[in-house]
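There are 2 protein chains.
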Amino acid sequence: MDELTKINLLYDFYGDFLTEKQREIFELHFLNDLSLGEIAENYGVTRQGVYDIVKRAQDILTEYEEKLGMVRRFAGLEKKVEKILQSLKELEPGLSEDYRIRIRKICDDVASLLKEGGE
Amino acid sequence: MDELTKINLLYDFYGDFLTEKQREIFELHFLNDLSLGEIAENYGVTRQGVYDIVKRAQDILTEYEEKLGMVRRFAGLEKKVEKILQSLKELEPGLSEDYRIRIRKICDDVASLLKEGGE
Numbered sequence: 242m243d244e245l246t247k248i249n250l251l252y253d254f255y256g257d258f259l260t261e262k263q264r265e266i267f268e269l270h271f272l273n274d275l276s277l278g279e280i281a282e283n284y285g286v287t288r289q290g291v292y293d294i295v296k297r298a299q300d301i302l303t304e305y306e307e308k309l310g311m312v313r314r315f316a317g318l319e320k321k322v323e324k325i326l327q328s329l330k331e332l333e334p335g336l337s338e339d340y341r342i343r344i345r346k347i348c349d350d351v352a353s354l355l356k357e358g359g360e
Numbered sequence: 242m243d244e245l246t247k248i249n250l251l252y253d254f255y256g257d258f259l260t261e262k263q264r265e266i267f268e269l270h271f272l273n274d275l276s277l278g279e280i281a282e283n284y285g286v287t288r289q290g291v292y293d294i295v296k297r298a299q300d301i302l303t304e305y306e307e308k309l310g311m312v313r314r315f316a317g318l319e320k321k322v323e324k325i326l327q328s329l330k331e332l333e334p335g336l337s338e339d340y341r342i343r344i345r346k347i348c349d350d351v352a353s354l355l356k357e358g359g360e
């Protein structure tokens, strides 16, 4: 999992624990891809001030991950789901069209375990 | 999901956010099945005092669940996994022993998504 994907997942899972201001600046920086300088201009604070807020927000998200491991669990689930999808696909050759359709439907259900994070 | 299963899951997921004392008393009450009176005797506090700690601990766990929904996600995952296992089992009749063995192996992998909570 690359670092930006991980940051996005951390924010999805634990964003509720940030203050409104931390969330705003975190989103501008990581989701809307604004630079520290651009954010600083909009907020009338220094670049260092923006950096400190982003860094503090990241630290908070990381602390929650250390206690709860939701990103780690998600990554583990993803790996297992991929393996299951592979095994299912390997069943297809040699089976009739009816079975292949049913297997593809099961693949969709297995893949959906990831899309909605098990919800 | 029954209430005690839910309390156990809440504790598994969010127990790290309780103080050591809260964890001790919570475990004595819910995992070791001691009564409030028995715990009060061991700790030299009133039954009401023990009740307050247990109640406070439950409130903390519930607040984390409201923000993070790990128990809700787990319950959703469980439901979907059961449906997938059912669909896989329904494939078996009419297939050769070789396919049935491979499908049972896939079922084990699907079931393991729950056992380890996706880790």
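Chains S and H, in that order, give the protein sequences.
For the first sequence, the positions run 242 to 360 when the working numbering is used.
For the second sequence, the positions run 242 to 360 when the working numbering is used.
For each residue, glycine too, the CB sits at the ideal point set by N, CA and C.
Reduced DSSP category for Asn-249(S) - H, G, I as helix; E, B as strand; rest coil: helix
Closer than 7 Å: Ala-316(H) CB and nearest the ligand GDP heavy atom: For the structure depicted, the ligand GDP is absent and the ligand set is empty, with no information on it obtainable.
Cβ contact check for the segment 336–354 of chain S and the segment 327–335 of chain H: 3 or more pairs under 8 Å: yes
Run of the alpha helix (DSSP H) containing Asn-362(S), from where it starts to where it stops: Given a span of 242 to 360 for chain S in the structure shown, any question on residue 362(S) remains unanswerable.
Residues in the segment 332–354 of chain H having any Cβ partner in chain S nearer than 9 Å: Leu-332, Gly-335, Leu-336, Tyr-340, Arg-343, Ile-344, Lys-346, Ile-347, Asp-350, Val-351, Ser-353 and Leu-354
Inter-residue spacing [alpha-carbon to alpha-carbon] between Tyr-284(H) and Asn-249(H): 23 Å
Residue nearest to Ile-294(H) in terms of C-alpha spacing, selected from Glu-306(H), His-270(H) and Leu-326(H): Looking only at Glu-306(H), His-270(H) and Leu-326(H), the smallest Cα-Cα distance to Ile-294(H) is reached by His-270(H).
Below-8 Å beta-carbon distance, Ser-276(H) vs any chain S residue: No, no contact with chain S.
Chain S within 8 Å of Asp-300(H), Cβ atoms only: no
Top-ranked residue by Cα proximity to Lys-346(H), from Ile-266(S), Leu-309(S) and Ser-328(S): Ser-328(S)
C-alpha gap between Tyr-305(S) and Lys-247(S), whole angstroms: 13 Å
First through last residue of the alpha helix (DSSP H) which encompasses Asp-350(H): 338–356
Rounded separation between Tyr-252(H) and Ile-266(H) - CA only: CA-to-CA, the gap between Tyr-252(H) and Ile-266(H) works out to about 12 Å.
Chain H contact residues for Lys-324(S), given Cβ-Cβ distances below 9 Å: Asp-350
9 Å Cβ cut-off: residues of chain S touching Lys-308(H): Those are Tyr-255, Asp-257 and Phe-258, listed as they occur along chain S.
Through-space distance from Leu-275(S) to Glu-261(H), alpha-carbon basis: 42 Å
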